[in-house]
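Engineer: Before I ask anything, let me first share the structure, which is written out below as C-alpha cells.
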Amino acid sequence: MKKLLMVITFLIGFSSFCQENIKVDVVDYIKEVQIWKKQGNNMSFTFWIPTSYWEIALKDSPSVSPGYVNYISSLFQDYVFICALDLEINTNATMTYTLEQDLRNSISIVDGNGMDYFPLENDQITEEVFLMSESLSPMFAQMLGQMGEGMHFYFFEIKDKQGNNIIDEYTKGEFTVKHSNHDFKFQLPLVCLLPPKTCPKDGAEMKGNWNYCPFHGEKLE
Ligand SMILES: [Zn+2]
Numbered sequence: 012m013k014k015l016l017m018v019i020t021f022l023i024g025f026s027s028f029c030q031e032n033i034k035v036d037v038v039d040y041i042k043e044v045q046i047w048k049k050q051g052n053n054m055s056f057t058f059w060i061p062t063s064y065w066e067i068a069l070k071d072s073p074s075v076s077p078g079y080v081n082y083i084s085s086l087f088q089d090y091v092f093i094c095a096l097d098l099e100i101n102t103n104a105t106m107t108y109t110l111e112q113d114l115r116n117s118i119s120i121v122d123g124n125g126m127d128y129f130p131l132e133n134d135q136i137t138e139e140v141f142l143m144s145e146s147l148s149p150m151f152a153q154m155l156g157q158m159g160e161g162m163h164f165y166f167f168e169i170k171d172k173q174g175n176n177i178i179d180e181y182t183k184g185e186f187t188v189k190h191s192n193h194d195f196k197f198q199l200p201l202v203c204l205l206p207p208k209t210c211p212k213d214g215a216e217m218k219g220n221w222n223y224c225p226f227h228g229e230k231l232e
C-alpha cells in the first residue's frame, strides 16, 4: 500500500484519459472538485472525490494494474466520498482543527432537489471501504501539507428510488456540501470531463461548457 500511495502522489500533475477517452488533466480535475472558503482566520475545505478520480489519477501508472484501479473505483462507486477540513489560524501561526466528531455533526449534502443527506457512520459502510479509505488517508493528508492533519473523510449514500446514484460527475446537476457554516457548491458535469469544443474561425480548442468563442464571438462547434 505504501508503494501505491507514493505512485498516487507522483501522478499529481500528469494527464490521463477518462472513460470517454477525453484527455483529462489531473490539475484541472482537482480544481473542480476542491473548494476552499476563507473568512478572517477561518479556513474551510471540501474535496469531493468522484469515482472517476481514481481512473484519472492512476490509469497511466505502470505500478498500479488496471484491475486494482477498477477495484478502488468499484469500492467507492456507491458512495459520495467527501474529504473535509476546517481550521482556525491562531495569532502564533499554529492551527486549531475542528475535531472529526464536530465536523461530522455539521456536515450535510443538499442535492439539486433540496433534499438533505447526512454522513454514514463507520458501521454503515463496508469494512473494505473503511480500510481502503484509512490506507489512502496519508496520501490525501500529504496533498494538504501541514493542514492535512485536520482532514477527515465522510461517506454519503445519495440514490434515487431505483438505487442509482443521484450525483454523477458526467451528468448535468448540482449539489452543495455544507459544513462549518459554509456552503460548497458543485456544478455538474465536471467541465474537464466534457469533450472540448472548437472555434470555427481559427480552430482553437475551447472549454466544453462554453457556447461562444470569447475572442471572436463565434458559436462554438
Ligand atoms: Zn475564436
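Numbering (this note's numbering) for the sequence shown: 12 to 232.
For each residue, glycine too, the CB sits at the ideal point set by N, CA and C.
Considering only DSSP beta bridges, list what S55 is partnered with.
Structural biologist: For the purposes of this step, residue 55 is identified with residue 44 of the sequence shown, where counting begins at 1. DSSP output for S55 lists K48, D97 as bridge partner(s).
Engineer: If we count the other Cβ atoms within 10 Å of its Cβ and call it buried at 16 or more, is T107 buried or exposed?
Structural biologist: Residue 107 sits at position 96 when you count from the first residue of the sequence shown. Exposed, by the Cβ-count rule.
Engineer: Go through its chain and collect everything with a Cβ distance to E139's Cβ below 7 Å, but skip five positions before and after it.
Structural biologist: Position 128 of the sequence shown holds residue 139. These residues qualify, in order along the chain: L86.
Engineer: Is DSSP giving G184 helix, strand or coil here?
Structural biologist: Stepping through the sequence shown from its first residue, residue 184 is reached at position 173. Strand at G184.
Engineer: Compare the beta carbon distance of K44 and W65 with 8 Å and say whether it is the shorter of the two.
Structural biologist: Within the sequence shown, the letter at position 33 stands for residue 44. Within the sequence shown, the letter at position 54 stands for residue 65. This sequence places Val at residue 44; Lys is not what is there. Against a cut-off of 8 Å, the Cβ pair of W65 and V44 comes out as no contact.
Engineer: Let's test the definition: count the other Cβ atoms within 10 Å of the Cβ of G161 and tell me whether it reaches 16, buried, or not, exposed.
Structural biologist: The residue you call residue 161 lines up with position 150 of the sequence shown. By the neighbour-count rule (16 or more Cβ atoms within 10 Å), G161 is buried.
Engineer: Span of the beta strand (DSSP E) holding L199?
Structural biologist: As a first step, residue 199 must be located in the sequence shown, where it is residue number 188. Here the beta strand (DSSP E) through L199 covers 193-199.
Engineer: Count the CB pairs spanning the stretch 149-169 and the stretch 211-223 that are closer than 8 Å, and state whether there are at least three.
Structural biologist: Counting Cβ pairs under 8 Å, fewer than three are found: no touch.
Engineer: Would you call the stretch 168-187 in contact with the stretch 198-214, where contact means no fewer than 3 C-beta pairs closer than 8 Å?
Structural biologist: The answer is yes - the stretch 198-214 touches the stretch 168-187, with three or more Cβ pairs under 8 Å.
Engineer: Tell me the rounded alpha-carbon separation between S119 and Y128.
Structural biologist: By one-based count along the sequence shown, residue 119 stands at place 108. By one-based count along the sequence shown, residue 128 stands at place 117. Cα to Cα, the separation comes out at about 6 Å.
Engineer: Indicate the three-state DSSP secondary structure (helix, strand or coil) for T20 in the structure shown.
Structural biologist: Residue mapping note: residue 20 aligns to position 9 of the sequence shown, counting from 1. The predicted model places T20 with a pLDDT of 47, which falls under 50 and marks its position as unreliable, so this point remains unresolved.
Engineer: Mind pulling the alpha helix (DSSP H) runs of 4 or more residues that sit fully within the stretch 94-159?
Structural biologist: Fully enclosed alpha helix (DSSP H) runs of 4 or longer: 111-117, 138-154.
Engineer: At which residues does the beta strand (DSSP E) containing F87 begin and terminate?
Structural biologist: Here residue 87 corresponds to residue number 76 of the sequence shown, with the count starting at 1. Unbroken run through F87 is the alpha helix (DSSP H), 77-87; no beta strand (DSSP E).
Engineer: So, at 8 Å on beta carbons, what are the nonlocal neighbours of Y82 in its own chain, with the 5 sequence-adjacent residues on each side left out?
Structural biologist: Start at 1 with the first residue of the sequence shown, and residue 82 comes out as number 71. Answer for Y82: no residue qualifies.
Engineer: Ends of the beta strand (DSSP E) at Y165?
Structural biologist: To locate residue 165, count along the sequence shown from 1; it is residue 154. Here the beta strand (DSSP E) through Y165 covers 163-167.
Engineer: Assign Y64 to one of three DSSP states: helix, strand, or coil.
Structural biologist: Mapped onto the sequence shown, residue 64 falls at position 53. DSSP places Y64 in helix when its eight states are reduced to three.
Engineer: Comparing alpha-carbon positions, which option in I93, A104, I136, P211 lies nearest N52?
Structural biologist: Counting from 1 along the sequence shown, the entry for residue 52 is found at position 41. Of I93, A104, I136, P211, the residue nearest in Cα terms is A104.
Engineer: Three-state secondary structure (DSSP) at M12?
Structural biologist: Within the sequence shown, the letter at position 1 stands for residue 12. In this predicted model, M12 has a pLDDT of only 49, less than 50, meaning its place in the structure is not dependable; the value taken from the coordinates is given anyway. Residue state, collapsed to three classes: coil.
Engineer: Can E168 and D89 be called in contact, C-beta distance under 8 Å?
Structural biologist: Translated into the one-based positions of the sequence shown, residue 168 becomes position 157. Translated into the one-based positions of the sequence shown, residue 89 becomes position 78. Yes, the Cβ-Cβ distance between E168 and D89 is below 8 Å.
Engineer: How many angstroms separate the CA atom of G228 from the CA atom of K189?
Structural biologist: If you number the sequence shown from 1, residue 228 lands on position 217. If you number the sequence shown from 1, residue 189 lands on position 178. Computed Cα separation, rounded: 37 Å.
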